[in-house]
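Structure first, then comments.
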Amino acid sequence: MNILSKYDAAKVEDKWYKYWLENGYFHSEPDEREPYTIVIPPPNVTGVLHMGHMLNNTIQDVLIRRARLKGYNACWVPGTDHASIATEAKVVARLKEKGIKKSDLSREEFLEKAWEWTGEHGGIILEQLKKLGASCDWDRTKFTMDDDMSASVIKVFVDLYNKGLIYRGYRMVNWDPEARTTLSDEEVIHEERQGLLYYLAYDIEGEDEKVIIATTRPETILGDTAVCINPHDERYAHLKGKKAIVPICNRVIPIIEDEYVDMEFGTGCLKVTPAHDVNDKNLGDKHGLEVVDIFNEDASLNQHGLHYEGKDRFVVRKEIARELEEKGHLVKTETHINKVGTSERTKAVIEPRLSDQWFLRMEELAKPALKAVLEDEEIKLFPKKFENTYRHWMENIRDWNISRQLWWGQQVPAYYYGDGKEEFVVAENEEEALQLAREKSGKASLSSSDITRDPDVLDTWFSSWLWPMSVFGGILEPENKEIKYYYPTNDLVTGPDILFFWVARMIMAGYEYRNEKPFTNVYLTGLVRDSQRRKMSKSLGNSPDALKLISDYGADGVRVGLLLSSAAGNDLLFDEALCQQGKGFANKIWNAFRLVKGWEISDIPPAKVSEVAVRWYRSKLGQTLAEIEDHFAKYRISDALMATYKLIWDDFCSWFLEMVKPTYGMPISKKTYGEIIALFEENLKILHPFMPFLSEEIWQHMENRNRDEALVVATWPEPVKPDGSLLEGFSLMTEVVSGIRTVRKDKNIPFKDELELYTTGDGSDFAGDLDEVVKKLGNISGIHYDVEKVEGSVSFRVGASEYFIPVTGSVDVESEIRKLQEELSYIEGFLKSVRGKLSNERFVNNAPEKVVAVEKQKEADALAKIATIKESLSNLKNK
RNA sequence: GGGUCAUUAACUCAGUUGGUUUAGAGUGUCACCUUGACAGGGUGGAAGUCACUGGUUCGAGUCCAGUAUGACCCA
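Each step along the first sequence adds one to the number in the UniProt record's numbering, with nothing skipped, and position 458 is 458.
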């Protein structure tokens, strides 16, 4: 067989993915095995794969593939969400290009366009996940706007309304003037912006005096309905009970007093605009102020804006500042940095706005969710540090604004039969609504034309908070066998940025609807940043093209690259060099396979070296497997990968294969060969979750396998109890081999020249046949034990023994002495620190016996070592 | 403004209830190697006042307090 010396990922990846799909390895049905379930955090249906998705889904795939190998009934449910605002914004933009305004279309026509868009772009991201190797059960793919998913949402809305948890309220909400919808608090991003602080003079009614207020938003003065001072502020005491006059519109407004006013900020005198600021709204409610809303829904000014009517708020800010200056009301301006709320989706500056919205009461829902994470630990967050953030949010939770002034999404199932505030009903469909409306209104004559459905849709998160249940039909049919089998799911992998948006709400929904947690472990990944620590974003253009990375480094290479430095919850500084490392690793393993595959097999007895090598590697594998198990249990995925990396590269390739490698041109024992292949197979199983394609490719090359024997459905290695003394002896042995290599290097002795090795040891440091390994890897012709010293040799120490290698020609006495002296001073320093402890009475009296014993042992070892070094030194100096 | 978390080698990070050689890994770096699986390789080296200042302790990278810097969350 001719195997290429370079591993070509592109050639094999599509082939194996297709094979896995054809054989349905990823599909899961309930059976008698224990389930292991993950639901994907649904990406935006029209989105494309970015680095965050790659990281996130690689981790999920690692977990699910490992579970599959461990014999669980592994089920990873994929899907997408409808991303209400983002998708609607894209559809609106696309219509605009064609010269069509949203308002020109009926709701039905618009939705048709939105579905068209979804059809064109939907699922692209899922295809990209396949390139990454994601082993999702594609037969279960879900979309939050699927009929059954929407029905679940509506059912839950009606249920929560009937329980009194959903209510309609006239509140200050975050208004996105670009998308013309409200946003939840979590969708508002606060950014620091440089702005101006305007100092404005308001006349006092009936006085010559003026009062100066400071504001960042001069355009809102037209909505002012009071001026507020702090009752303890003596500077303004004389203004109490008087009235001020708003410039330009000349509205006469009261001067009120409230301790809310910060005397230090600005002039200590505040203008109050209840329609456009949440704090001002509170003040307004408290003091019974008038509310004057000056904005249209696109944040242009309405009739209260007088001659500014129809102009945008930011245009008006400039123009009104000029007018105020001309009229002598602008005292001065100062530069000022303030936090501005912006829309996560459209980036537009948020306008606080009063309107009728639907809200979900959170207080009761939050209680079991708080308890599950912080008290009962039924749900664990990895890393744990996020529990503080979780607690803070859950304890200060506010009602959730769930309505959006959009069309793309589930329409609020509320029906109005009159203009009164309470003249509506909530029902799953129109017939029921009509029935309820007749009852509630007492008008039996009401017909379907008398009721109107609320035009708003529900927040996308109001769909996705049900995700772990609704994907299994758990809302519509709570007793179906799928939900009973797969729920609660095992792990959830997501970013900390949606801990509240999504994770916390899923927990609430889980307890509300199943009285059970939705998942046990939540793994929070870090954000992917570039090497300068900037977030990856489209606008910066610093996000690499995911598919190009896969084609450059192979999916396996990219997976390894992403995982190598992504400890849970720590941001990942993405560097393509890491993918290169992954690709290099793939190539290394590939070549290890080429080596083994190239050997001629013969029915000869195994070499002694090979026998000890096999015994050692079995132990090493057992030891490393336990470490890997521990890392996975703690969700330390990158550590688990690094342990695997070192096992294969260092232990398997650098040590094991070098030990068993037959002399050039010679055959290998059939028995040994079989053992090597078996161990190689164990490596591949451990490797498979991280590098599924490469591992399957080699696995299938090893022998002809039938469908049931694919690596993807193989069995995870049995834990082997490691032989501790063998591992310990081996580790001493490697130091000896290293010592020999160093001597060769220092003395320029080529590897092909055989050397003799002498030692003061008696050969008990590494028992068994490890001395055979020293001979092979050091090219040593013979080892001589129990010698005292050897003239004309170079020496090194391992443990308590000294080793000598006679060298022809002159030994550089000076440099030998220098080296020994360096070694000596290190050990003497060490001894000093140990003795420092031992001579401290309080240490000896207070420290545990065990610790003291260890220190005494250290002292003894150091003393023995010092003695041998000193002896060597005196030998050298006597020359 | 309030809160949370971080700060260990040039870079990215471990360091698991305070004691296991005067701190480890990967990458990078330096020197050498035209080796028969792999130069995407091999061998060997150098590199750290564990942010700073105090404190607790027989003993602190690890615990406590403060300072500085940074990140994130909330208002």
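We treat Cβ as the ideally placed atom computed from N, Cα and C, and that holds for glycine.
List the whole-angstrom C-beta distance separating A67 from W408, where the pair is believed to meet the contact cut-off of C-beta under 8 Å.
-> Contact flag wrong, Cβ pair sits at about 36 Å.
Locate the beta strand (DSSP E) running through W358, then write down its first and last residues.
-> 351-360
Can the beta-carbon of D356 be found less than 7 Å from the beta-carbon of Y645?
-> no
In terms of residue numbering, what span does the beta strand (DSSP E) encompassing R741 cover?
-> No beta strand (DSSP E) contains R741, which is instead part of the alpha helix (DSSP H) from 724-747.
Which term fits F382, buried or exposed, when burial requires 16 or more other beta carbons within 10 angstroms of its beta carbon?
-> buried
To the nearest whole angstrom, what separates the beta carbons of I827 and A867, a pair I think is in contact under 8 Å?
-> Not quite, the Cβ-Cβ distance comes to about 10 Å (not below 8 Å), so this is no contact.
According to the Cβ coordinates, are A344 and P177 closer than 7 Å?
-> First, the residue type needs correcting, since residue 344 is Glu and not Ala in the sequence shown. Taking 7 Å as the Cβ cut-off, E344 and P177 do not qualify as a contacting pair.
Is the distance from the Cβ of G341 to the Cβ of L222 below 7 Å?
-> no
Does DSSP classify M1 as helix, strand or coil?
-> Confidence in M1 is poor, its pLDDT being 47 and thus under 50, which makes the residue's placement unreliable; the coordinate value appears in the next sentence. It is coil, neither helix nor strand.
Comparing alpha-carbon positions, which option in N515, K752, G792 lies nearest L777?
-> K752
Measuring CA to CA, which of D639, L55, A86 is closest to W461?
-> A86
Which ranges does the alpha helix (DSSP H) cover as unbroken runs of at least 4 residues, wholly within the segment 67-108, from first to last along the chain?
-> 84-97
With a 10 Å radius around its C-beta and 16 neighbouring C-beta atoms as the bar for buried, classify D8 as buried or exposed.
-> exposed
Please state whether DSSP places S184 in a helix, a strand or coil.
-> coil
Going by alpha carbons, who is nearest to T808 out of N748, D786, D769?
-> N748
Going by CA-CA distance only, name the one from V612, P41, E326, Y553 that's closest to L726.
-> V612
Can you give me the Cβ contacts of W117 inside the same chain, cut-off strictly under 6 Å, excluding the 5 residues immediately before and after it?
-> V91
What did DSSP end up calling P806 once you bin it into helix, strand or coil?
-> strand
Assigned exposure category for M1 - 16 Cβ within 10 Å defines buried = Confidence at M1 is low in this model, with a pLDDT of 47, below 50, so the placement of that residue should be treated as unreliable; the coordinate-derived value is given next. The residue is exposed, with fewer than 16 neighbouring Cβ atoms inside 10 Å.
Applying the criterion that 16 or more other CB atoms from any shown protein chain within 10 Å of the CB defines a buried residue, is T46 buried or exposed?
-> buried
Is DSSP giving M172 helix, strand or coil here?
-> strand
Rounded straight-line distance, which links the Cα of K745 to that of F766 | 24 Å
In three-state DSSP terms, what is A10?
-> helix
Residues that H190 bridges to, as DSSP identifies them | G341
Which residues in the same chain as L838 place their Cβ atom closer than 8 Å to its Cβ, once the five residues preceding and following it in sequence are excluded?
-> V844, V852, E855, K856, E859
Status (buried if at least 16 other CB within 10 Å, exposed otherwise) for S84 = buried
Got a sec? Which residues, its chain only, sit under 6 Å from L406 by beta carbon, not counting five neighbours each side?
-> S84, E88, T181, V457
With a floor of 4 residues, list each alpha helix (DSSP H) that falls wholly inside the segment 490-544, ordered by position along the chain.
-> 505-514
Within the chosen definition, does the segment 775-793 reach the segment 814-822 through at least 3 CB pairs nearer than 8 Å?
-> no
Out of A244, I686, E219, state which residue places its alpha-carbon closest to the alpha-carbon of I229.
-> A244
Where F472 falls, given that 16 or more other Cβ within 10 Å makes a residue buried = buried
Expressed to the nearest angstrom, what Euclidean distance is found between the alpha-carbon atoms of W358 and T346?
-> 22 Å
Among residues of its own chain, excluding the 5 on either side of I475, which ones have a beta-carbon nearer than 7 Å to its beta-carbon?
-> S152, K155, V156, L466, M469, Y513
Going by alpha carbons, who is nearest to S448 out of E422, G418, S464?
-> G418
Along the chain, which unbroken stretches of the beta strand (DSSP E) at least 3 residues long are found entirely within the segment 780-861?
-> 780-784, 793-798, 801-806
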